[in-house]
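*Asks:* Take a look at the following structure, please.
In my numbering, the protein residues as written are 16 to 346.
Printed below as a string of structure tokens:
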């Protein structure tokens, strides 16, 4: 994370585009540095987080959000579909916490809030659920016994709002790359079969406030399969990445990629070199701890297998020639 932010602000940009914003950690950090950020992601949970952490101006929304979150945090639980799905059919949340999350989400929907205030409330709820879930960080699976933190009561907190302007969109990355120009662009695309929607499907349900059909032991939303991304398929990943890269309108492009990706690193370097001079930073990380634990069904039987213990993240900094239109970058 510090290396990413350093690479992005090295040329003192005024504006930044975070094209695959995810949890908005990078966009939030850039806003803290005084950069005006536009954050984009096609998932509803990510759009809520970006609308809170990047787009919402604390000068306008801190007071109303504080009062709203205090009100929501006093609500008693009300069990329904969400509790049945994520506490009974699966075990992401203890029943009492799932019921409170369900009641809070219903109240948010009933209030018909202004979009920034709704995003702040949804972010507070998503993060509250995350603090007491029984996973090791991602929602591909849950633990066979309740995690100690899952026994704690769900409690809302005011997200860390920052002063200043920003914006957020919920678009396909190709469309956002074409629409928003910036001094620097950050690209952190999906790089293998693991879908961000699948990794955070419970958050997606909280953000949408819907009752989707689900499948499998993990009770994933069926749209995890139906909304499959070209970035998550070996045969289409390169084409999807090239199309985004060609459309990005920024003089400086920073790309985060893993050595576990469908694109080989030599091929990625070759593609990036089409946009300009490439500088590379490599950082080794421990892998997500779930690789040690595997996946368990509701009976506590292990149904997953461990993976590699470490992976290497590669940051590519491209000093790019500016492009005025998408067609000029493809010619």
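Even glycine gets a Cβ: it sits at the ideal position worked out from N, Cα and C.
Quick check: residue 8 and residue 30, are their CB atoms within less than 9 Å of each other?
*Replies:* No statement about residue 8 is possible, as the shown extent of the chain runs from 16 to 346 and does not include it.
*Asks:* Can you tell me which of the three DSSP states residue 207 falls into?
*Replies:* DSSP places residue 207 in coil when its eight states are reduced to three.
*Asks:* Report buried or exposed for residue 149, applying the criterion of at least 16 other Cβ atoms within 10 angstroms of its Cβ.
*Replies:* Buried: at least 16 other Cβ atoms inside 10 Å.
*Asks:* Just verifying my parser: in three-state terms, what is the DSSP assignment at residue 105?
*Replies:* Three-state result, residue 105: coil.
*Asks:* Considering just the uninterrupted stretch of the alpha helix (DSSP H) at residue 241, what are its terminal residues?
*Replies:* Taken as a continuous stretch (DSSP letters only), the alpha helix (DSSP H) holding residue 241 covers 238-241.
*Asks:* Give the range of the alpha helix (DSSP H) segment to which residue 60 is assigned.
*Replies:* Here the alpha helix (DSSP H) through residue 60 covers 59-65.
*Asks:* Are residue 58 and residue 183 touching if we call contact CB-CB under 9 Å?
*Replies:* Result no, Cβ atoms of residue 58 and residue 183 do not sit closer than 9 Å.
*Asks:* Could you say if the stretch 199-210 and the stretch 89-109 meet the contact criterion of at least three C-beta pairs nearer than 8 Å?
*Replies:* With a cut-off of 8 Å, the stretch 89-109 and the stretch 199-210 do not count as touching, because too few Cβ pairs lie within range.
*Asks:* Per the DSSP calculation, residue 291 is bridged to which residue(s)?
*Replies:* In DSSP, residue 291 forms a bridge with 335.
*Asks:* What residues are listed by DSSP as bridge partners for residue 202?
*Replies:* The partner list for residue 202 (beta bridge, DSSP) reads 270.
*Asks:* Between residue 83 and residue 116, what straight-line distance do the alpha-carbon atoms span, to the nearest angstrom?
*Replies:* Computed Cα separation, rounded: 15 Å.
*Asks:* Considering Cα atoms alone, identify which of 25, 270, 79, 157 is closest to residue 135.
*Replies:* Checked all of 25, 270, 79, 157; the closest Cα to residue 135 is 79.
*Asks:* Compute the distance between the beta-carbons of residue 211 and residue 277, then report whether it is under 9 Å.
*Replies:* Not closer than 9 Å, so no.
*Asks:* Based on the DSSP secondary-structure assignment, which residues constitute the bridge partners of residue 51?
*Replies:* In the DSSP output, where bridge partners are listed per residue, residue 51 has 30.
*Asks:* With C-beta atoms as the reference, is residue 140 less than 9 Å away from residue 221?
*Replies:* For residue 140 and residue 221, yes; Cβs fall inside 9 Å.
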